[in-house]
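Heads up: the sequence lines are chains A and B, in that order.
Quick note: the first sequence uses the UniProt record's numbering, first residue 1, plus one each step.
Quick note: the second sequence uses the UniProt record's numbering, first residue 1, plus one each step.
Even glycine gets a Cβ: it sits at the ideal position worked out from N, Cα and C.
Quantities reported herein were computed from a predicted structural model and do not represent experimental measurements.
Written below as structure tokens is the structure these notes are about.
There are 2 protein chains.
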Amino acid sequence: MNKLRPQCFYLSIYLSVYLSIYLSIYLYIYAMSPKITVELLRQLRQVMKNSKYITEPIQAYIVPSGDAHQSEYIAPCDCRREFICGFNGSAGTAIVTEQHAALWTDGRYFLQASQQMDNNWTLMKMGLKETPSQEDWLISVLPENSKVGVDPWIIAADQWKNMSKALSSAGHSLVAVQDNLIDVIWEDRPARPSTKLITLGLKHTGLTWQDKVTALRGKMAERKISWFVVTALDEIAWLFNLRGSDIEYNPVFFAYAIIGMSNIKLFVDRKRLMEPVVREHLELDSPSKPELTIQCFPYESVYMELQAVCAALAPKEKMWICDKASCALTQVIPKAHRSAIPYTPLCLAKAVKNPTEIQGMKMAHIKDAVALCELFAWLEKEIPKGTVTEISVADKAEELRSQQKDFVGLSFPTISSVGPNGAIIHYMPLPETNRTLSLNEIYLIDSGAQYLDGTTDVTRTVHFGTPTDYEKECFTYVLKGHIAVSAAVFPNGTKGHLLDSFARAALWDSGLDYLHGTGHGVGCFLNVHEGPCGISYKTFADEPLEAGMIVSDEPGYYEDGSFGIRIENVVLVIPAKTKYNYRNRGSLTFEPLTLVPIQLKMINTDLLTQKERDWVNDYHKKCRETIGAELERQGRKEALDWLIRETQPIV
Amino acid sequence: MNKLRPQCFYLSIYLSVYLSIYLSIYLYIYAMSPKITVELLRQLRQVMKNSKYITEPIQAYIVPSGDAHQSEYIAPCDCRREFICGFNGSAGTAIVTEQHAALWTDGRYFLQASQQMDNNWTLMKMGLKETPSQEDWLISVLPENSKVGVDPWIIAADQWKNMSKALSSAGHSLVAVQDNLIDVIWEDRPARPSTKLITLGLKHTGLTWQDKVTALRGKMAERKISWFVVTALDEIAWLFNLRGSDIEYNPVFFAYAIIGMSNIKLFVDRKRLMEPVVREHLELDSPSKPELTIQCFPYESVYMELQAVCAALAPKEKMWICDKASCALTQVIPKAHRSAIPYTPLCLAKAVKNPTEIQGMKMAHIKDAVALCELFAWLEKEIPKGTVTEISVADKAEELRSQQKDFVGLSFPTISSVGPNGAIIHYMPLPETNRTLSLNEIYLIDSGAQYLDGTTDVTRTVHFGTPTDYEKECFTYVLKGHIAVSAAVFPNGTKGHLLDSFARAALWDSGLDYLHGTGHGVGCFLNVHEGPCGISYKTFADEPLEAGMIVSDEPGYYEDGSFGIRIENVVLVIPAKTKYNYRNRGSLTFEPLTLVPIQLKMINTDLLTQKERDWVNDYHKKCRETIGAELERQGRKEALDWLIRETQPIV
């Protein structure tokens with residue numbers, strides 16, 4: 001029994017974007033007070049005219065989200081947009097002029113932004129017809145011949161190009177301001193993290209960094225590329241078989257690299273390279289081969305060093321840089337030498353896991369399943385007591401995972417949601433919204449961890465009492481979609497987005513749907529979201545699926561105000577055996593790495609085909625065998641009993 | 001029995017294109033001798049330096065495929081690329097320099113082009129790594145500061161832009177040559193057709209042209225557009241409720257239109273407007289309203305008139321033009337006034353058929369089915385005699401269709417193919433390849449017609465003896481794919497490309513596939529291929545499906561050297577009734593307009609689910625009822641018997 005039920009506010013907004021695919025936006029907002037920004041804006045407007053920081057006064061300053069590496073998650077020192085306006089959502093751009101301050105964000109965040117910002121700020125609701133683009137708005141409010149400043153490190157090259165073009169056409173100009181003006185006024189700005197580096201051996205990586213550099217150079221030679229500027233943090237971590245913890249949930253560290261055919265230049269806080277184990281790993285003191293010698297430079301010197309490399313380029317030499325890299329670094333490379341690419345060869349190489357990585361991912365998922373079996377067995381016992389809350393389950397899940405070998409941390413904030421909270425797709429329990437688990441409501445938990453051998457991400461939706469027929473019906477449609485993707489057989493060379501509709505067909509048949517993609521790439525002891533593959537109606541720029549790639553399969557259904565359902569496994573792309581083999585292309589299918597039972601109580605088995613029933617039974621058999629053996633080994637008897645009970649075959 | 005079996009050469013080439021979706025290329029080539037081009041090239045190179053046609057000599061001349069309206073099918077007078085090099089495939093660009101002559105085409109046409117061109121020409125095989133782009137090749141062969149000429153009327157605006165940019169970056173320039181230099185040397189060039197215009201009344205169109213102009217102006221007002229330049233021939237035909245026969249199979253006529261908020265300017269050979277019925281239809285002599293007065297101009301004067309309109313534009317006025325329009329017309333519009341759009345509002349309006357058009361399409365498909373039932377009944381009788389050939393079936397099909405009311409002509413060249421010829425996707429029987437139908441081989445016929453009330457396009461694959469188990473298996477997978485699309489239920493707003501994988505799933509499961517899209521938009525007594533909707537893994541720029549749109553559903557399977565299978569219906573997008581209605585979006589599904597039995601003999605019913613069996617039975621019931629009634633009305637007894645026999649329910 002819970003005496004004090006915390007208040008929960010939430011809102012769901014459906015936003016239809018002109019000429020765009022339907023887009024879902026859910027928000028949950030707890031009571032929050034706006035940040036007072038009068039003084040901050042006054043200070044910012046002062047530095048916008050201060051010749052100490054800029055040669056000529058600027059009439060507007062753009063503050064994008066994001067860091068210099070275009071990371072999805074960012075470190076506190078990079079939360080500049082939040083600092084200036086108060087809004088802390090994951091997407092949004094602030095622009096401050098002499099008279100105005102405006103923030104652009106999308107429908108997920110309309111309410112949150114309006115609550116977090118004071119009335120010095122105008123909220124620009126992206127996607128609504130009446131909302132001007134940043135360019136159009138600037139042109140409408142700026143005096144003639146204005147200068148608009150931006151930090152070239154945190155704006156991507158292509159965004160710079162578009163903005164610059166639009167402003168020029170109206171007689172203004174976009175100006176790169178080298179000193180970040182937010183940093184200038186941010187007194188207690190946190191320092192850039194510089195956590196201890198972890199070195200990974202062959203046991204975890206399957207390939208030495210030397211092998212990876214050599215393979216990369218092979219790709220460069222194939223395309224007659226002599227240099228490659230690496231800016232994405234997970235690519236650098238993967239290449240050098242190093243990990244850090246500079247950004248929460250993402251085991252990466254701040255660094256750049258410039259790889260030449262006979263040079264390796266690594267830019268990282270030099271203190272981090274003092275550790276003997278790191279020095280040895282990188283062969284800093286005794287390189288085995290001259291072309292595998294790593295030259296170390298301070299993180300900040302990448303700009304100057306890249307300039308030096310570019311100055312020494314022969315006339316026809318070409319340099320790769322990702323088109324999502326910062327404007328600052330991109331523009332250092334003269335156009336004639338620059339080859340901007342949508343995906344780097346490291347991004348592609350990292351996506352296709354090698355046998356050691358696959359084995360590691362399998363081990364990580366076995367350990368993760370052990371923790372979850374224990375969690376569910378514990379929940380069955382504890383829930384009737386009425387003391388288990390969304391937050392306490394999340395904490396318990398973390399505790400159980402942390403008991404597993406080589407646990408490093410969570411891979412993203414746990415989504416632990418009861419009843420209506422489950423319908424908020426990006427829900428994270430907070431004291432103000434925390435609900436108690438009961439026998440009457442559906443419970444959804446989407447969670448994952450980082451282990452030295454791999455990264456996990458799993459969602460299960462369960463009911464501890466008796467689900468309604470409607471809840472079971474919806475769950476079964478979602479399950480049919482999950483199976484349709486997991487069991488799909490498709491030709492080599494197929495892109496993931498071509499599989500997205502398989503996940504929806506059963507829901508569509510009944511007039512239902514979910515407004516998010518079906519799957520994302522998953523790193524190996526790296527970011528839980530990674531490119532360049534995925535399964536979504538939106539990603540038309542995804543790369544073809546290949547054996548060894550790892551993605552999530554996570555269809556769902558969300559009934560606003562009532563419940564949320566999602567069934568997520570991480571799956572490995574494997575070759576499929578087929579009766580025929582058209583044009584010798586070969587076929588692919590998926591193997592689930594996640595081995596956690598899918599609650600039978602939630603399934604209306606009448607709605608399943610025989611094939612689907614067989615799939616569930618085979619899956620549960622595998623869960624029982626693989627996880628059962630590990631539970632036995634670890635002596636976790638209660639969880640084993642629970643597993644055996646939950647994996648009875650459907651007849 | 002056939003004594004003389006004509007020789008048949010064919011080739012299939014699989015071309016994998018870097019960073020592109022897999023692409024299928026089939027070719028069939030009969031003995032052909034190359035066109036002798038020595039003298040033609042000499043003449044062309046002379047006019048490239050002749051100041052009568054160009055102000056300064058040009059060092060290269062580009063001859064694209066296509067006409068000034070970017071038509072898929074073109075008139076003989078526009079076959080300039082074929083004239084200069086001999087190659088008559090549907091895609092290819094010729095470039096002639098002082099020293100070289102080269103033709104770029106894709107893998108479908110490598111063999112054909114190499115056989116049709118003499119050795120003055122170099123074949124540039126597009127899609128192969130070693131093949132340079134046109135731009136790169138020009139840069140490599142041209143002397144410094146060269147001028148490259150092209151007729152700006154037959155190059156699309158965006159193609160011009162790319163070519164011009166690439167040439168400029170290497171110090172050359174792209175030059176618009178107003179006189180087409182091929183026309184200068186083409187002595188017996190056919191005249192531009194100027195066929196009699198057909199006027200369509202409300203009975204066929206559902207909307208007067210005046211209503212259509214008014215609706216168009218509504219769209220223009222919504223977007224603050226004051227003028228719209230219409231260049232696509234089917235858009236002009238649809239807008240004015242007129243048809244012509246200037247291009248084979250496509251009932252269109254050469255014209256342009258410029259629509260203002262109070263002006264309608266029509267550019268067409270004035271002779272065509274002499275007919276009283278046309279004058280009356282267009283209200284040329286007594287316009288009902290001033291803003292619906294059509295001003296007529298000669299076809300050729302569109303350029304000057306557009307210049308005049310542009311000269312009179314107010315500062316903020318905007319003009320729509322499709323981004324696929326010619327460079328010549330596009331560049332007349334000053335950039336500040338130009339709004340280039342990927343699909344015009346006419347293209348979208350034309351795609352969503354009104355109730356009258358839907359009724360007309362249904363009628364056309366009933367008549368078409370009558371002709372096909374007669375054809376198949378006739379074939380069953382005639383084939384054992386051994387005298388029926390691919391060509392004679394095509395002729396018979398045309399004869400039977402032509403007996404139906406309001407028949408105008410075919411909607412594309414009939415694909416009539418026996419056995420291995422069926423595996424050549426774009427096969428068209430020629431005397432040299434003509435095979436005799438027998439009881440031993442699969443027969444595929446893909447054909448369609450233009451009627452005053454609608455356009456048809458239907459493929460059936462049949463066997464007149466006993467198909468092998470393998471043939472039946474493949475046919476059944478194709479049928480499962482056909483049904484999966486036809487019976488699909490999907491939310492309003494879904495784009496057709498999201499349905500493409502449904503058509504392939506059954507084939508994929510067995511390791512099979514087909515290398516073409518699944519469906520295209522179909523016009524109403526207009527082009528058999530039309531945008532902006534379709535069902536293909538390739539079309540990511542398609543517009544969402546809407547109730548009233550009409551597309552084809554035509555999965556297939558092709559076994560090189562053995563047989564081809566395709567099952568094609570034209571289907572209408574209709575609202576679907578679903579159990580639930582998520583976010584009140586509503587759902588859609590398809591209703592087949594094509595009502596021709598699918599041969600039961602070819603189906604392995606064990607491979608069908610109960611739902612699929614029900615679909616086949618329901619479909620055949622509808623064929624029997626609807627077409628049976630019409631066959632009875634027309635007194636076509638033999639065909640009726642055949643229909644009844646072929647529509648027995650599967651038990």
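Worksheet item: Hey, quick one: how far does the alpha helix (DSSP H) through Q331 (chain B) stretch, first residue to last?
Response: Along the second sequence, read from residue 1 onward, the residue named residue 331 (chain B) stands at position 331. Run containing Q331 (chain B): 327-332, per the alpha helix (DSSP H) assignment.
Worksheet entry | Cβ neighbours of D453 (chain B) in the same chain (closer than 7 Å, five flanking residues each side left out) | For the purposes of this step, residue 453 (chain B) is identified with residue 453 of the second sequence, where counting begins at 1. Correct list, in chain order: H204, G360, M363, A364, D406, F525.
Item to complete: Sort B:E300, B:I84, B:R270, B:S169 by Cα distance to L181 (chain B) and report the nearest one.
Response: Taking the first residue of the second sequence as 1, we reach residue 181 (chain B) at position 181. Among B:E300, B:I84, B:R270, B:S169, the Cα nearest to that of L181 (chain B) belongs to B:I84.
Item to complete: Compute the distance between the beta-carbons of D500 (chain B) and Y537 (chain B), then report whether it is under 7 Å.
Response: Your numbering for residue 500 (chain B) matches position 500 in the second sequence. Your numbering for residue 537 (chain B) matches position 537 in the second sequence. Result yes, Cβ atoms of D500 (chain B) and Y537 (chain B) sit closer than 7 Å.
Practice prompt. Establish whether the CB of F490 (chain B) and some CB of chain A are separated by less than 7 Å.
Written response: For the purposes of this step, residue 490 (chain B) is taken as the residue at position 490 of the second sequence. Yes - at least one Cβ of chain A is within 7 Å of the one on F490 (chain B).
Worksheet item: Which of the three DSSP states, helix, strand or coil, is assigned to E300 (chain A)?
Response: On the first sequence, residue 300 (chain A) is found 300 positions in, with the first residue counted as 1. Residue state, collapsed to three classes: helix.
Discussion item. Cβ closer than 7 Å: which chain A residues qualify as neighbours of S510 (chain B)?
Written reply: Indexing the second sequence from 1 puts residue 510 (chain B) at position 510. Those are T578, K579, Y580, listed as they occur along chain A.
Discussion item. Residues of chain A with CB closer than 8 Å to the CB of L499 (chain B), please, in chain order.
Written reply: As a first step, residue 499 (chain B) is located in the second sequence; it is residue number 499 there, counting from the start. Those within 8 Å of L499 (chain B) in chain A are S501.
Worksheet entry | Whole beta strand (DSSP E) elements within the stretch 500-534 of chain A, 3-residue minimum | 519-521
Item to complete: With DSSP as the reference, label L15 (chain B) as helix, strand or coil.
Response: Here the question's residue 15 (chain B) lines up with position 15 in the second sequence. With a pLDDT of 27 at L15 (chain B), under the threshold of 50, the modelled position of that residue is not reliable, and no figure is offered here.
Practice prompt. Would you kindly work out how many angstroms separate the C-alpha atoms of L631 (chain A) and K396 (chain A), rounded to a whole number?
Written response: Residue 631 (chain A) sits at position 631 when you count from the first residue of the first sequence. Residue 396 (chain A) sits at position 396 when you count from the first residue of the first sequence. L631 (chain A) and K396 (chain A): Cα-Cα distance of roughly 18 Å.
Worksheet entry | Three-state class that DSSP yields for K495 (chain A) in the structure shown | As a working mapping, residue 495 (chain A) is identified with position 495 in the first sequence. Looking at K495 (chain A) - three-state DSSP - the assignment turns out to be strand.
Discussion item. List, in chain order, every chain A residue whose beta-carbon is nearer than 7 Å to that of Y537 (chain B).
Written reply: What you label residue 537 (chain B) is simply residue 537 of the second sequence in a count that begins at 1. Ordered by position in chain A, the residues that pass the 7 Å Cβ test against Y537 (chain B) are L498.
Discussion item. Between S562 (chain A) and chain B, is the shortest Cβ-Cβ distance under 7 Å, so that the two count as touching?
Written reply: By 1-based counting over the first sequence, the position of residue 562 (chain A) is 562. It does not; no Cβ of chain B falls within 7 Å.
Discussion item. At 3 residues or longer, what runs of the beta strand (DSSP E) sit wholly inside the stretch 404-438 of chain A?
Written reply: 407-410, 415-418
Discussion item. Our contact map puts G628 (chain B) next to N492 (chain B) with C-beta atoms below 8 Å; I'd like the distance itself, whole angstroms only.
Written reply: In the second sequence, the residue the question calls residue 628 (chain B) occupies position 628. In the second sequence, the residue the question calls residue 492 (chain B) occupies position 492. Not quite, the Cβ-Cβ distance comes to about 34 Å (not below 8 Å), so this is no contact.
Item to complete: Quick one: residues in its chain with C-beta nearer than 6 Å to the C-beta of N88 (chain B), no 5 flanking neighbours on either side, listed in chain order?
Response: Position 88 of the second sequence, counted from the start, is the residue given in the question as residue 88 (chain B). E82.
Discussion item. Using only the alpha-carbon positions, how far apart do L123 (chain B) and Q115 (chain B) sit?
Written reply: Your numbering for residue 123 (chain B) matches position 123 in the second sequence. Your numbering for residue 115 (chain B) matches position 115 in the second sequence. Near 10 Å, if we compare the C-alpha coordinates of Q115 (chain B) and L123 (chain B).
Item to complete: Would you grab the beta carbon distance between P544 (chain A) and K495 (chain A) for me? Rounded to a whole angstrom, and I think it's under 8 Å.
Response: For this step, residue 544 (chain A) is matched to residue 544 along the first sequence. For this step, residue 495 (chain A) is matched to residue 495 along the first sequence. Right, the Cβ-Cβ distance comes to about 5 Å (below 8 Å), so this counts as a contact.
Worksheet item: Count the other CB atoms within 10 Å of the CB of Q59 (chain A); is the residue buried (16 or more) or exposed (fewer)?
Response: In the first sequence, the residue the question calls residue 59 (chain A) occupies position 59. With 16 or more Cβ atoms within 10 Å of its Cβ, Q59 (chain A) is classed as buried.
Worksheet entry | DSSP state of V278 (chain B) mapped onto helix, strand, coil | Here residue 278 (chain B) is taken as the residue at index 278 of the second sequence, counted from 1. If DSSP states are grouped into helix, strand and coil, V278 (chain B) belongs with the helices.
Discussion item. The alpha helix (DSSP H) that contains A170 (chain B), what's its start and end?
Written reply: Taking the first residue of the second sequence as position 1, residue 170 (chain B) is located at position 170. No alpha helix (DSSP H) holds A170 (chain B); DSSP gives it neither H nor E.
Discussion item. If the criterion is Cβ atoms closer than 7 Å, does the pair T433 (chain B) and T389 (chain B) meet it?
Written reply: As a first step, residue 433 (chain B) must be located in the second sequence, where it is residue number 433. As a first step, residue 389 (chain B) must be located in the second sequence, where it is residue number 389. Taking 7 Å as the Cβ cut-off, T433 (chain B) and T389 (chain B) do not qualify as a contacting pair.
Fill in: Any beta strand (DSSP E) of 3 or more consecutive residues that is wholly inside the stretch 237-269 of chain A
256-260, 264-267
Worksheet entry | Neighbour flag for D618 (chain B) against chain A, beta carbons, 7 Å | On the second sequence, position 618 is the one that residue 618 (chain B) refers to. Answer no: the Cβ-Cβ gap between D618 (chain B) and chain A never drops below 7 Å.
Item to complete: Could you tell me which of B:E187, B:L572, B:Y557, B:A449 sits nearest to N527 (chain B), measuring between CA atoms?
Response: Locating residue 527 (chain B) in the second sequence gives position 527, counting from the first residue. Nearest C-alpha to N527 (chain B): B:A449.
Worksheet item: Helix, strand or coil for H100 (chain B) per DSSP?
Response: Position 100 of the second sequence, counted from the first residue, corresponds to residue 100 (chain B). Coil.
Worksheet item: Taking only runs of the alpha helix (DSSP H) that begin and end inside the stretch 28-61 of chain B, which ones reach a length of at least 4 residues, in chain order?
Response: 38-47
Discussion item. How far does the alpha helix (DSSP H) with M319 (chain A) in it extend, from its first residue to its last?
Written reply: Sequence index remark: in the first sequence, residue 319 (chain A) carries index 319 (1-based). Premise fails: M319 (chain A) lies in the beta strand (DSSP E), 319-322, not in any alpha helix (DSSP H).
Discussion item. Rounding to the nearest angstrom, what Cα-Cα distance links E559 (chain A) and F464 (chain A) in this structure?
Written reply: Taking the first residue of the first sequence as position 1, residue 559 (chain A) is located at position 559. Taking the first residue of the first sequence as position 1, residue 464 (chain A) is located at position 464. So the alpha carbons of these two residues sit roughly 19 Å apart.
Worksheet item: Are I550 (chain B) and L572 (chain B) close, meaning C-beta to C-beta below 7 Å?
Response: Here residue 550 (chain B) refers to the residue found at position 550 of the second sequence. Here residue 572 (chain B) refers to the residue found at position 572 of the second sequence. Yes. Within cutoff.
Practice prompt. Mark R223 (chain B) as exposed unless 16 or more other C-beta atoms lie within 10 angstroms of its C-beta, in which case mark it buried.
Written response: Mapped onto the second sequence, residue 223 (chain B) falls at position 223. So R223 (chain B) counts as exposed.
Worksheet entry | Between the CA atoms of R624 (chain A) and T647 (chain A) - distance to the nearest angstrom | As a first step, residue 647 (chain A) must be located in the first sequence, where it is residue number 647. As a first step, residue 624 (chain A) must be located in the first sequence, where it is residue number 624. Rounded to the nearest angstrom, the two C-alpha atoms are 6 Å apart.
Discussion item. With a threshold of 6 Å on Cβ separation, who are the neighbours of residue 663 (chain B) within its own chain once the five nearest residues in sequence on each side are excluded?
Written reply: Absent from the structure is residue 663 (chain B), since the part of chain B shown begins at 1 and ends at 651.
Worksheet item: Comparing the C-beta of D158 (chain A) with each C-beta of chain B, is any distance below 7 Å?
Response: What you label residue 158 (chain A) is simply residue 158 of the first sequence in a count that begins at 1. No, D158 (chain A) lies away from the interface with chain B (no Cβ there is under 7 Å from its Cβ).
Discussion item. Counting C-beta neighbours from all protein chains within 10 Å, is the total for T461 (chain B) 16 or more, i.e. buried, or is it exposed?
Written reply: For the purposes of this step, residue 461 (chain B) is taken as the residue at position 461 of the second sequence. T461 (chain B) comes out buried.
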